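Novice: Input: one structure, supplied below.
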Amino acid sequence: MSQYKYDEEGGQFLTFVLTFLLLILVPLTYSSLFAKRERNQSWFDAKGQKVKAIKNIRKRSLTNPRISARFFLLLVGWSAVAYLFQKIANAATNSTHPVYDPFAILGIKSSATEKEIKKHYKKLSIKFHPDKIELAANQTKEWAESQFIELTKAYKSLTDENIRKNYELYGHPDGRQELSMGIALPTWIVEGQNNIWVLGAYAALFGLGLPYLVARWWYGSRSRTKDGVINNTAQSFFKNLREDTPVGRLIAMLAIAEEFDAPAYDKRGKLPYEEDFVKLRAELTELLSEYDPRWWLIDDSDFKSQSIRRSLTLLYAYFMRVGSKNAKLTTDIYRIGAKGTQLLNGTLAISLAHNWLNETLEIMRTTQALVQAVPLVESPAVQELMQLPHLDIKSAKALVNGSKLGNLGIQGLWNMPDEQRRKLLAVDNGGLEAPQYDELIKVAGDWPRVELVDAYFKVVGERLVTTGAIVQFIMKVRLAPLKNNRKIMRNGISPDNLTSNLNSESDVRPGTEDDDEAKLDHLIGRGDDKSKDGKQTIGYARAPHFLEERKPHWWVFIGDYKLDRVIVQPTRLTDIGADRVRTYSIQFQAPPQAALYTFQAFVVSDSYIGADASKPIKLKVDDPSALDEEVEEEDDISDPDEDTLAGQMAAMRGERVKRRVDDDEDDDEDDSSATDDDVEEAEEAEDSDSDSD
Numbered sequence: 159m160s161q162y163k164y165d166e167e168g169g170q171f172l173t174f175v176l177t178f179l180l181l182i183l184v185p186l187t188y189s190s191l192f193a194k195r196e197r198n199q200s201w202f203d204a205k206g207q208k209v210k211a212i213k214n215i216r217k218r219s220l221t222n223p224r225i226s227a228r229f230f231l232l233l234v235g236w237s238a239v240a241y242l243f244q245k246i247a248n249a250a251t252n253s254t255h256p257v258y259d260p261f262a263i264l265g266i267k268s269s270a271t272e273k274e275i276k277k278h279y280k281k282l283s284i285k286f287h288p289d290k291i292e293l294a295a296n297q298t299k300e301w302a303e304s305q306f307i308e309l310t311k312a313y314k315s316l317t318d319e320n321i322r323k324n325y326e327l328y329g330h331p332d333g334r335q336e337l338s339m340g341i342a343l344p345t346w347i348v349e350g351q352n353n354i355w356v357l358g359a360y361a362a363l364f365g366l367g368l369p370y371l372v373a374r375w376w377y378g379s380r381s382r383t384k385d386g387v388i389n390n391t392a393q394s395f396f397k398n399l400r401e402d403t404p405v406g407r408l409i410a411m412l413a414i415a416e417e418f419d420a421p422a423y424d425k426r427g428k429l430p431y432e433e434d435f436v437k438l439r440a441e442l443t444e445l446l447s448e449y450d451p452r453w454w455l456i457d458d459s460d461f462k463s464q465s466i467r468r469s470l471t472l473l474y475a476y477f478m479r480v481g482s483k484n485a486k487l488t489t490d491i492y493r494i495g496a497k498g499t500q501l502l503n504g505t506l507a508i509s510l511a512h513n514w515l516n517e518t519l520e521i522m523r524t525t526q527a528l529v530q531a532v533p534l535v536e537s538p539a540v541q542e543l544m545q546l547p548h549l550d551i552k553s554a555k556a557l558v559n560g561s562k563l564g565n566l567g568i569q570g571l572w573n574m575p576d577e578q579r580r581k582l583l584a585v586d587n588g589g590l591e592a593p594q595y596d597e598l599i600k601v602a603g604d605w606p607r608v609e610l611v612d613a614y615f616k617v618v619g620e621r622l623v624t625t626g627a628i629v630q631f632i633m634k635v636r637l638a639p640l641k642n643n644r645k646i647m648r649n650g651i652s653p654d655n656l657t658s659n660l661n662s663e664s665d666v667r668p669g670t671e672d673d674d675e676a677k678l679d680h681l682i683g684r685g686d687d688k689s690k691d692g693k694q695t696i697g698y699a700r701a702p703h704f705l706e707e708r709k710p711h712w713w714v715f716i717g718d719y720k721l722d723r724v725i726v727q728p729t730r731l732t733d734i735g736a737d738r739v740r741t742y743s744i745q746f747q748a749p750p751q752a753a754l755y756t757f758q759a760f761v762v763s764d765s766y767i768g769a770d771a772s773k774p775i776k777l778k779v780d781d782p783s784a785l786d787e788e789v790e791e792e793d794d795i796s797d798p799d800e801d802t803l804a805g806q807m808a809a810m811r812g813e814r815v816k817r818r819v820d821d822d823e824d825d826d827e828d829d830s831s832a833t834d835d836d837v838e839e840a841e842e843a844e845d846s847d848s849d850s851d
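Per my numbering, the very first residue in the sequence shown carries number 159; after that it's consecutive.
What follows is the structure, given as structure tokens:
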């Protein structure tokens, strides 16, 4: 039976564990310390621009350390690394197989010269010579002789040329040493008395721990939708959501979500901050009494549970920006607002499954209001203005009611005379202070207003869109901050482009315009130029009242107002900047009937109010027979010249091309010269025949 040698000292096993830990910790630590920062990120979309209440929630303290899982993992990991280093160092010191070091044996520095080595050895040889050393009580003559032999061997390994060569090649003056192979496991793992503990650990890890984690993941994923919504909540949304569900009912649907259930509150009958909660409800009731009764809070006795009473009140408090002195209550207000966006994604998925256009737009705009924490009871202009810093409901209403431009939201504010703005906002006169006003105007100038530059249809390689064809909808968008362009845009369309397609029969463009260049790039291996799509990296959404950091996206889709239907499902688009035009393509199948269809193209933000764009677009679908007519017309057209781009592309495809005129003339000359030579040869042959006669 073969015998296995194990790591009795534990150094090799610990080295393996240390290496494994470092492979994980080093890249994780580097990514944490040197997080990637985008160069294009400006002051406007920087991280951490939140109101004071949210900063207090995030603030670290002894009672609220807010240690992330990654930080805790790094802390434990590097502590384990320090412990392993110490254990490995101790194991190396006490090892029975130490590394041979002649300098350590002689007790001199590794930088010592040969002269210094000889001088030091001479002193040691006098001191430790077996015939001259005075032995202690626990020392023997054999020990003294072995010590002297070690000193001599170390000295010769540094001074004798042959022995030094052995030391340099094999690490030992005696030459190659015996090689020992073993298993890097500590002996205590394989010892008989520890078998039960080792097997028990394996059973706990792989028999209990691993199945538990898999089961937890499996049943957790089964209990939620792909949007992270609990299945029971999704079923409630599916049951209650209709194509004409108003926004007030939409908020009520969020309030009854299972995510907001608090069984402890329901059992107790009141909240832990009941007194402050009652004050909050009273303030909300008074505030909402100025609006339509459909927005009023229902009586406490009408609630089915404390959880629903709590969640609906907190949602209204979040939208109306009503706070509380109770820190726990304030935290719950902001947390329920952040959770609401995830629940709205669940309602959006249901609406899109039914292809409801108006309800889809309603949910998207409610998401915007939730991210920016603006009152749904107010007009769109007031909601848009309240996104700016230091503007509350009263100030926003003053701008809207005090000027016609105020009804245009942030665009109107920017185009107001400065004197009028200051007067309406009562700057340094009981309203905003001068620094607050300056910050407001600065933010308004950089507000991410979206401009829909162009939108059209095409079919690759074809001039027409036929029934059932795969159509590409090309959309070009960019940001148009007011500081760069103060022109007022309607639905994200510049005044210069408002009449661009009014007189056109269709927004279909030939799909062959850029195809030749693209195909040539593919044939010569030039590859795709990723910069052509105009991506410009942006930072975080400026949402001071939203608890989490959020990168802004835009939904891009096509709908039909007449049918109240979403024609092409939304896709999410991001990284839209002001310096480049972002080109985006959506692919879909053309309708089965030939006709002229009038649709609406939408670009809707998921983070900002007033940063949307829409444009009517016309899709003309032709019968496939129209392509046959075009082919007949193209047959009458002559082949392209070989020295043109079209000619080169045709030659690569094996098609006919028109040769250059110079080449044709050269060929004619060659043919004519060959014919003259033949005539001369024939005449000479006839003369020779006549002479022979």
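Heads up, the beta-carbon is just placed ideally off N, CA and C, and yes, glycines get one too. These numbers come from a predicted model, not from an experiment.
1) Which same chain residues end up closer than 6 Å to isoleucine 744 when comparing Cβ atoms and leaving out the 5 residues on each side of it in sequence?
2) Indicate, with yes or no, if the ligand SAH has a heavy atom lying under 7 Å from the CB of threonine 741.
3) Using only CA atoms, which one of Thr310, Trp301, Lys245 and Leu343 lies nearest to isoleucine 263?
4) Drop a sphere of 10 angstroms on the beta-carbon of phenylalanine 757, count the other beta-carbons inside from all chains shown, and report buried for 16 or more, exposed for fewer.
5) Please go through the same chain and pick out, in chain order, the residues whose beta-carbon is closer than 6 Å to the beta-carbon of tyrosine 755, but skip the five residues on each side of it.
6) Does the stretch 614 to 622 come close enough to the stretch 582 to 596 that 3 or more CB-CB pairs lie under 8 Å?
7) Taking C-alpha atoms, which residue in Trp201, Glu417 and Pro728 lies nearest to leucine 506?
8) Alpha carbon to alpha carbon, how far is alanine 475 from serine 561? Give it in angstroms, no decimals.
9) Nearest by alpha-carbon distance to valine 529: which of Tyr766, Asp612, Gly717 and Ala420 is it?
10) Does DSSP put leucine 412 in a helix, in a strand, or in coil?
11) Could you work out which residue in Gly768, Gly697 and Ser664 is closest to aspartate 780 when comparing CA atoms only?
12) Going straight from the alpha carbon of phenylalanine 178 to that of leucine 637, what length do you get?
13) Can you grab the Cα-Cα spacing for the pair threonine 518 / threonine 525, in whole Å?
14) Is serine 482 helix, strand or coil when you go by DSSP?
15) For histidine 287, count the other beta carbons within 10 Å of its own beta carbon; 16 or more makes it buried, fewer makes it exposed. Which is it?
16) What do you get for serine 465, buried or exposed, if any count of 16 or more other CB atoms within 10 angstroms of its CB means buried?
17) Measuring alpha carbon to alpha carbon, tell me which of Ala769, Asn214 and Val184 ends up nearest asparagine 484.
18) State yes or no: is the C-beta of proline 606 within less than 8 Å of the C-beta of proline 702?
19) What does the alpha-carbon distance come out to for the pair valine 837 and threonine 802?
20) For arginine 382, which residues from the same chain have a beta carbon less than 8 Å from its beta carbon, with the 5 sequence-adjacent residues on both sides left out?
21) Are the stretch 392 to 411 and the stretch 419 to 432 touching by the rule of at least three beta carbon pairs closer than 8 Å?
22) Which residues does DSSP pair with lysine 616 in a beta bridge?
23) So, with DSSP's three-state summary, where would you put isoleucine 354?
24) Per the DSSP calculation, isoleucine 744 is bridged to which residue(s)?
25) To the nearest angstrom, report how far apart leucine 176 and proline 344 are at their CA atoms.
26) Report all residues from its chain with a CB closer than 6 Å to the CB of arginine 380; omit the five preceding and five following residues, and keep chain order.
27) Please report whether the beta-carbon of leucine 429 lies at a distance below 8 Å from any beta-carbon of chain B.
28) Put tyrosine 360 into one of helix, strand or coil per three-state DSSP.
29) Can you list, in chain order, the residues of its chain whose CB lies under 7 Å from that of tryptophan 453, leaving out five sequence neighbours each side?
30) Span of the beta strand (DSSP E) holding phenylalanine 286?
31) DSSP puts serine 772 in a beta bridge; with which residues?
32) Give me the DSSP bridge partner(s) of aspartate 402.
33) Tell me which residue opens and which closes the alpha helix (DSSP H) that phenylalanine 261 is part of.
34) Would you decide whether aspartate 259 is buried or exposed? Buried here means 16 or more other CB atoms lie within 10 Å of its CB.
35) Which partner residues does glycine 717 have in the DSSP bridge list?
36) Between histidine 680 and the rest of its own chain, which residues show a CB-CB distance below 7 Å, the 5 nearest in sequence each way excluded?
Specialist: Well, looking at it:
1) Locating residue 744 in the sequence shown gives position 586, counting from the first residue. Excluding positions up to five away in sequence, the list reads Phe631 and Val726.
2) Within the structure as shown, the ligand SAH is missing, as the structure has no ligands at all.
3) The residue labelled residue 263 in the question sits at position 105 within the sequence shown. Comparing C-alpha distances from isoleucine 263 to each of Thr310, Trp301, Lys245 and Leu343 shows the shortest one belongs to Thr310.
4) For this step, residue 757 is matched to residue 599 along the sequence shown. The residue is buried, with at least 16 neighbouring Cβ atoms inside 10 Å.
5) Your numbering for residue 755 matches position 597 in the sequence shown. So the list reads Leu777, once near-sequence residues are dropped.
6) Contact annotation: the stretch 582 to 596 does not touch the stretch 614 to 622, with fewer than three C-beta pairs closer than 8 Å.
7) For the purposes of this step, residue 506 is taken as the residue at position 348 of the sequence shown. Ranking the options by Cα distance to leucine 506, first place goes to Pro728.
8) Locating residue 561 in the sequence shown gives position 403, where the first residue counts as 1. Locating residue 475 in the sequence shown gives position 317, where the first residue counts as 1. Rounded to the nearest whole angstrom, the CA to CA distance from serine 561 to alanine 475 is 29 Å.
9) In the sequence shown, the residue the question calls residue 529 occupies position 371. Out of Tyr766, Asp612, Gly717 and Ala420, Tyr766 has the C-alpha closest to the C-alpha of valine 529.
10) Indexing the sequence shown from 1 puts residue 412 at position 254. In the structure shown, leucine 412 sits in a helix (DSSP, three-state: H, G or I).
11) The residue you call residue 780 lines up with position 622 of the sequence shown. The shortest Cα separation from aspartate 780 among Gly768, Gly697 and Ser664 belongs to Ser664.
12) Start at 1 with the first residue of the sequence shown, and residue 178 comes out as number 20. Start at 1 with the first residue of the sequence shown, and residue 637 comes out as number 479. Cα to Cα, the separation comes out at about 47 Å.
13) Along the sequence shown, read from residue 1 onward, the residue named residue 518 stands at position 360. Along the sequence shown, read from residue 1 onward, the residue named residue 525 stands at position 367. Straight-line spacing of the CA atoms in threonine 518 and threonine 525 works out to 11 Å.
14) For the purposes of this step, residue 482 is identified with residue 324 of the sequence shown, where counting begins at 1. Reduced to three states, the DSSP call for serine 482 is coil.
15) The residue you call residue 287 lines up with position 129 of the sequence shown. Classification for histidine 287: exposed.
16) Your numbering for residue 465 matches position 307 in the sequence shown. Result: buried.
17) Taking the sequence shown and counting its residues from 1, one reaches residue 484 at position 326. The candidate whose alpha carbon is nearest that of asparagine 484 is Asn214.
18) Counting from 1 along the sequence shown, the entry for residue 606 is found at position 448. Counting from 1 along the sequence shown, the entry for residue 702 is found at position 544. No, the pair does not count as a contact, with Cβ atoms beyond the cut-off.
19) To locate residue 837, count along the sequence shown from 1; it is residue 679. To locate residue 802, count along the sequence shown from 1; it is residue 644. No answer about valine 837 holds up, because its pLDDT of 41 lies below 50 and its placement is not dependable.
20) As a working mapping, residue 382 is identified with position 224 in the sequence shown. Ile388 and Asn389.
21) The answer is no - the stretch 419 to 432 does not touch the stretch 392 to 411, with fewer than three Cβ pairs under 8 Å.
22) For the purposes of this step, residue 616 is taken as the residue at position 458 of the sequence shown. Beta-bridge annotation (DSSP): lysine 616 is paired with Gln630.
23) Taking the first residue of the sequence shown as 1, we reach residue 354 at position 196. Of the three classes helix, strand and coil, the one that applies to isoleucine 354 here is helix, per DSSP.
24) Counted from its first residue, the sequence shown places residue 744 at position 586. Partner(s): Phe631.
25) As a working note, residue 176 is residue 18 in the sequence shown. As a working note, residue 344 is residue 186 in the sequence shown. If you draw a straight line from the Cα of leucine 176 to the Cα of proline 344, it comes to about 15 Å.
26) The residue given as residue 380 occupies position 222 in the sequence shown. Closer than 6 Å at Cβ, skipping near neighbours: no residue.
27) Reference to chain B is not applicable here, since this structure consists of a single protein chain.
28) Taking the sequence shown and counting its residues from 1, the one referred to as residue 360 is at position 202. If DSSP states are grouped into helix, strand and coil, tyrosine 360 belongs with the helices.
29) The residue labelled residue 453 in the question sits at position 295 within the sequence shown. Around tryptophan 453: Gly406, Leu446 and Val535.
30) Here residue 286 is taken as the residue at index 128 of the sequence shown, counted from 1. No beta strand (DSSP E) contains phenylalanine 286, which is instead part of the alpha helix (DSSP H) from 272 to 286.
31) In the sequence shown, the residue the question calls residue 772 occupies position 614. Serine 772 is bridged by DSSP to Phe760.
32) Here residue 402 corresponds to residue number 244 of the sequence shown, with the count starting at 1. Bridge partners of aspartate 402: none, in fact.
33) Here residue 261 corresponds to residue number 103 of the sequence shown, with the count starting at 1. Counting along the chain, the alpha helix (DSSP H) containing phenylalanine 261 begins and ends at 260 to 264.
34) Position 101 of the sequence shown holds residue 259. The residue is exposed, with fewer than 16 neighbouring Cβ atoms inside 10 Å.
35) One-based indexing of the sequence shown puts residue 717 at position 559. In the DSSP output, where bridge partners are listed per residue, glycine 717 has Val724 and Gln758.
36) In the sequence shown, residue 680 corresponds to position 522, counting from 1. Reliability of the predicted coordinates at histidine 680 is poor, the pLDDT of 47 falling under 50, and the value obtained from them is presented with this limitation in mind. Result list for histidine 680: empty, nothing under 7 Å.
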